[in-house]
Every structure is written in C-alpha cells, then in structure tokens.
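Numbering (the working numbering), first residue to last: 17 to 229. Even glycine gets a Cβ: it sits at the ideal position worked out from N, Cα and C. Only one structure is covered here, and it is reproduced in the block below.
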Amino acid sequence: MSEHKLPRKEVAPRPGETELRVGRLTKAHGLKGAIKLELYTDEPEKRFVPGAVFTLQVPTASKWHGKTLELRELRWYNGHPVGFFAGVEDRTEAETLIKAILWVSQDVAELPDEDDAWYDHQLVGLSALRDGQPVGTVARVDHLPAQDLLAIKTDNGEVLVPFVKAIVPEVDIAAGTLTLTPPAGLFEELPDDDEGEAPERDDSEPDDHESQD
Numbered sequence: 017m018s019e020h021k022l023p024r025k026e027v028a029p030r031p032g033e034t035e036l037r038v039g040r041l042t043k044a045h046g047l048k049g050a051i052k053l054e055l056y057t058d059e060p061e062k063r064f065v066p067g068a069v070f071t072l073q074v075p076t077a078s079k080w081h082g083k084t085l086e087l088r089e090l091r092w093y094n095g096h097p098v099g100f101f102a103g104v105e106d107r108t109e110a111e112t113l114i115k116a117i118l119w120v121s122q123d124v125a126e127l128p129d130e131d132d133a134w135y136d137h138q139l140v141g142l143s144a145l146r147d148g149q150p151v152g153t154v155a156r157v158d159h160l161p162a163q164d165l166l167a168i169k170t171d172n173g174e175v176l177v178p179f180v181k182a183i184v185p186e187v188d189i190a191a192g193t194l195t196l197t198p199p200a201g202l203f204e205e206l207p208d209d210d211e212g213e214a215p216e217r218d219d220s221e222p223d224d225h226e227s228q229d
C-alpha cells in the first residue's frame with residue numbers, strides 16, 4: 017500500500033488507531049477553490065469520498081493549523097485528481113492550502129480491502145525470517161515508481177528487499193513475521209569466482225624477467 021504512517025506532532029491518535037498520510041495538496045486549479053492532489057493511497061475511492069474529513073499537516077503559522085478539511089467532491093482532469101473542499105470557494109483561499117498534507121485516522125487492526133495488501137504501519141516492526149530464522153526487522157517501507165522496497169534492519173546494517181511475492185512469499189501480521197526467500201547475495205557477499213585462482217599465462221608474450229637477444 018502507498019499510504020504512509022509518518023511521525024507527526026499535530027494530532028495524537030486515539031487508542032487503537034493510527035494516522036495515515038493519504039495525500040498532499042499541490043496546486044490551485046481554476047477559480048472556484050479546486051485544488052490538485054498528489055495521492056499517497058491506493059484506495060482513493062475509499063479515502064476521498066464526499067464528506068471525508070482530513071486532519072491537516074501545515075506550518076504553525078498557517079491559518080489552517082489545528083483545523084480539519086472536509087471534501088465535497090473529487091474529480092479527475094486529464095488523469096489528475098482535483099479536490100473541492102468545504103469552505104474553500106475561490107482560488108485565493110485554495111492557495112492558502114498548497115503543500116498541506118492530508119491525514120486520516122485508521123484502526124490499527126483494519127486491513128486493506130484487496131488480498132495480499134497491508135498498510136505500512138502493519139509491516140514496520142515485523143520480524144523477517146529466512147529459512148525459519150530471524151535475519152532482521154522491517155524498519156520502513158520505501159515506495160518507488162517501479163516497486164515497493166522493505167528496509168530490513170539487520171546486525172550488519174540495512175538491506176533493501178523488493179516487496180514482491182517471489183521474495184516475500186508470506187506476511188503473517190498475527191504472528192508478527194514475514195518470510196523471505198531472497199536471491200543469493202542480497203543478505204551476504206558472494207565470493208569472487210576467481211578468488212584464489214592464479215591468472216592464466218599468455219605464452220605469446222615474453223616473461224618480464226626473460227633475457228632478450
């Protein structure tokens with residue numbers, strides 16, 4: 017999942033809940049208060065519905081600090097999401113919200129609707145097992161354009177593991193573990209194939225110490 021659980025100070029989650037970062041307001045759109053969005057969720061149809069209320073992460077000097085924002089409607093223009101919000105009626109007001117980050121409350125036990133999907137906060141802290149033995153702990157999830165990566169904290173440092181079925185075949189939230197089947201060399205250095213072998217001699221060239229006539 018693309019939703020992020022990041023440290024923040026503005027709002028403390030209630031017991032049994034966490035805060036998920038689901039979007040960022042990027043640019044005023046038109047003259048009627050609409051704002052373009054950068055989505056941090058794979059479930060916009062669930063998070064961005066009319067009446068959804070977001071907690072705002074903004075600078076303390078912002079007029080929106082400590083306030084919430086209610087979505088009236090989400091539209092798509094040329095493949096880009098654009099939000100219309102209660103109380104934001106013109107471009108001037110919309111521009112006061114640019115760069116604001118949107119957060120929602122989430123039950124820590126709730127899973128995404130689709131199979132084999134998890135929120136970041138459910139993966140962080142899991143023990144990573146290889147051949148049944150722990151090799152480290154999930155420190156975070158990195159979301160890259162090509163794929164997601166699990167940052168595994170080990171005794172020898174951090175290892176980035178592609179979060180794909182072939183390498184992470186099982187995630188067991190209840191047991192607090194995930195299973196890894198990494199390719200050789202991901203968690204350890206491979207020996208050099210030529211290590212310990214003498215270099216081949218080229219008989220077509222004279223030995224450095226051979227006398228020449």
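From the DSSP output, in three-state form, read off Gln163 for me.
coil
Nearest CA to the CA of Val177: which residue from Val65, Leu202 and Thr42?
Leu202
Comparing the C-beta of Leu202 with each C-beta of chain C, is any distance below 9 Å?
Note that chain C does not occur in the displayed structure, where there is just one protein chain.
For a test of the three-state rule: what should DSSP assign to Leu36, helix, strand or coil?
strand
Cβ-based neighbour list, His81, same chain, cut-off 6 Å, excluding 5 preceding and 5 following
Val74
Can you give the Cα-Cα distance for Lys52 and Thr197, rounded to whole angstroms?
41 Å
Mind checking which residues open and close the beta strand (DSSP E) that includes Ala190?
It is not in any beta strand (DSSP E) - Ala190 carries neither H nor E in the DSSP assignment.
For Leu85 and Ala44, the rounded distance between their alpha carbons:
15 Å
Segment limits, beta strand (DSSP E) that includes Ala50
Ala50 to Leu55
Roughly how many angstroms lie between the CA atoms of Val65 and Asp171, to the nearest whole one?
44 Å
Is Lys79 helix, strand or coil when you go by DSSP?
coil
In DSSP terms, what Trp119 is bridged to:
Arg37 and Thr71
Determine the burial state of Gly99: buried for a count of at least 16 other Cβ atoms within 10 Å of its Cβ, exposed for fewer.
buried
Evaluate contact between the segment 182–199 and the segment 135–148, counting only Cβ atoms and requiring at least three cross-stretch pairs below 8 Å.
yes
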